[in-house]
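Quick mapping for you: the protein sequence lines, in order, are chains Z and E. 1 is the number of the first residue of the first sequence in the numbering used here; add one for each residue after it. 203 is the number of the first residue of the second sequence in the numbering used here; add one for each residue after it. Where a beta carbon is used, it is the ideal one built from N, C-alpha and C, also for glycine. Quantities reported herein were computed from a predicted structural model and do not represent experimental measurements. In what follows, a structure is listed as structure tokens, so that the remarks can point back to it.
There are 2 protein chains.
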Amino acid sequence: MSKGALTRRAILEHAFSLASQAGLEGLSIGRLARELELSKSGLFAHFQSKEALQLQVIEYAAENFTRHVALPTLRTERGEPRVRAVLENWLRWPDQSGAQGGCFFVAASVELDDRPGAPRDRLVELQREWIDFLARVAHGAVSAGHFRGDMDPEQFAYALYGTMLVTHQYRRLLGDPGAEQRARAALETLIRDAVAAPAAHP
Amino acid sequence: MSKGALTRRAILEHAFSLASQAGLEGLSIGRLARELELSKSGLFAHFQSKEALQLQVIEYAAENFTRHVALPTLRTERGEPRVRAVLENWLRWPDQSGAQGGCFFVAASVELDDRPGAPRDRLVELQREWIDFLARVAHGAVSAGHFRGDMDPEQFAYALYGTMLVTHQYRRLLGDPGAEQRARAALETLIRDAVAAPAAHP
């Protein structure tokens, strides 16, 4: 990496961590320059505007998530093992991401849902990609013969996403040490439902 | 209601709606005074500090939620009907609450999870009360003989809460018109799991 690329990387790492706590609107170029001991003009050379900075922080977050959650999941056996792996890798993300606050994507979603613009558009695109990924993992369990053929992978993705959102809430806001076990139990309910023949549940 | 009480009520209604969009930190006494055409000193007479205002907005939100979601739920038949009613009443809350943004509690949770203080403490207390309410509704379905005796009401509350969090995400961020149907389908999965004898799911 060139010195410029290293500096850019360091800025994004710090900005990502800050945004997980103070939100994307909390990312001022002045604050970043101060905390990283860089000149404001140096920061402007990397990010021409606050929106450009926000967009690149979103990309950084997406790459971080892909590296720590999506890729390790794809390296596991397709089917039910991969369904379990996605939850485990996702649960570990807060510790691995380098963020000091809660989940970057949860914070960004609440912040941007009312605010049209390029950052919101990109966030929506990334969320849809992730939901598609989850649905494909569930569909893979159908192909592997682990889930019944008429289960709904999109519904599974929705429910798994909900499990992670409430786990975030129990962990971050309520400080519940049992949140991860609840997440695993919730996944078992979803798996049982995806495995069982519908006739077994009148 | 006295004139003072009416004014106070109008301030809280407006502040609650604003906070659902701009967050509790977005609630400045100056902004509220301007938008409500009141004097800043008049506002200070009602709320001595920003924190006092935030705390009273949290109380307002809780009363609003109780009126529109919890109380109508308690007026339905105990057991499975009440479990379904809690979801339906909760799904309707955004339209009934008068908030212009997303869910007040989702926004406040993300905002306050990193910020110790009286508003966070009160929010945590309210969230725990709501989770207890959900668990009692599930337990009521056990008492009514609708759910099996060894189902876990706390786990049910957790999963139902997750369903609502992801529904909020699909509605607000993704603009998905099918979010409510997904929420209902997710609840049916939870109910099937709570009804079925564990032996039926090896």
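Distance between residue j and residue i (C-alpha atoms, nearest Å)
i	j	result
E/R394	E/A337	17 Å
E/L325	Z/A5	42 Å
Z/A141	Z/S49	44 Å
E/K242	E/G232	6 Å
Z/E13	E/E313	21 Å
Z/R75	Z/A144	16 Å
Z/V106	E/V368	11 Å
Z/A200	E/P321	In this prediction, Z/A200 scores a pLDDT of 46, lower than 50, which makes its location untrustworthy; the coordinate-derived value is nonetheless stated afterwards. Their Cα atoms are separated by approximately 47 Å.
Z/D95	E/A310	23 Å
Z/E188	Z/F104	26 Å
E/P274	E/F349	22 Å
Z/L190	Z/L160	8 Å
E/E265	Z/R8	48 Å
E/L245	E/L229	12 Å
E/P404	E/A396	Because E/P404 sits at a pLDDT of 45, beneath the cut-off of 50, its placement in the model cannot be relied upon, and the point is left open.
Z/S17	Z/E51	17 Å
E/G380	Z/Y60	30 Å
E/A385	E/M366	7 Å
E/H341	E/R236	48 Å
E/G281	E/F267	21 Å
E/A398	E/M203	52 Å
Z/E77	Z/Y170	30 Å
Z/P81	Z/R67	19 Å
E/E327	E/F335	12 Å
Z/W130	E/D354	30 Å
E/R370	Z/G149	Residue 370 of chain E is actually His in this sequence, not Arg. One C-alpha to the other measures close to 29 Å.
E/L257	E/G319	10 Å
E/Q383	E/E227	34 Å
E/A217	E/S299	13 Å
Z/G23	E/K205	39 Å
Z/D176	E/D378	31 Å
Z/D121	E/D323	34 Å
Whole-Å CB distance - residue i paired with residue j, under 8 Å assumed
i	j	result
Z/V137	Z/V83	6 Å
E/L255	E/F249	4 Å
Z/L36	Z/A10	7 Å
Z/V57	Z/A19	6 Å
E/G364	Z/G102	No, E/G364 and Z/G102 are not in contact; Cβ-Cβ is about 16 Å, not under 8 Å.
Z/Q220	E/D316	Outside the shown range of chain Z (1 to 202) lies residue 220 of chain Z, about which nothing can therefore be said.
E/V247	Z/Y158	Position check: residue 247 of chain E holds Ala in this sequence, whereas Val was assumed. Not really, about 48 Å apart at Cβ, beyond 8 Å.
E/G376	Z/R128	Before going on, a small fix: residue 376 of chain E reads as Leu here, not Gly. About 7 Å; that satisfies the 8 Å criterion.
First through last residue of the alpha helix (DSSP H) which encompasses residue i
i	result
E/V326	320-345
E/M366	355-374
Z/R241	Because chain Z spans 1 through 202 in this model, residue 241 of chain Z falls outside it and cannot be assessed.
E/H248	242-248
Z/R184	179-195
Z/S109	104-112
Z/R84	80-96
Z/Q54	50-65
E/E237	231-238
Z/T76	It is not in any alpha helix (DSSP H) - Z/T76 carries neither H nor E in the DSSP assignment.
Residue i CB to nearest heavy atom of the ligand ADP below 8 Å
i	result
E/A396	Looking at this structure, you won't find the ligand ADP or any other ligand, since it has none at all.
Original post:
If you measure beta-carbon to beta-carbon, which residues of the segment 345-371 of chain E are closer than 7 Å to chain Z?
Top reply: Under the 7 Å Cβ criterion, the segment 345-371 of chain E contributes Q357, Y360, A361, Y363, G364, T365, L367, V368, Q371.
Original post:
Does the segment 86-104 of chain Z come close enough to the segment 282-301 of chain E to have 3 or more Cβ pairs within less than 8 Å?
Top reply: no
Subject >> Residues in the segment 301-321 of chain E having any Cβ partner in chain Z nearer than 7 Å >> reply: G303, G304, V308, A309, S311, V312, D315, D316
**OP:** Check each residue of the segment 46-70 of chain Z: if its Cβ is closer than 9 Å to any Cβ of chain E, include it; give the result in chain order.
**Re:** Residues passing the 9 Å Cβ filter: none.
Original post:
Residues in the segment 323-337 of chain E with C-beta within 9 Å of chain Z's C-beta atoms, listed in sequence order?
Top reply: L325, V326, Q329, R330, I333
Original post:
Taking a cut of 9 Å between CB atoms, which residues from the segment 224-240 of chain E lie near chain A?
Top reply: The structure shown contains no chain A; its protein chains are Z and E.
Original post:
Residues in the segment 178-190 of chain Z with C-beta within 8 Å of chain E's C-beta atoms, listed in sequence order?
Top reply: R182, A185, A186, T189, L190
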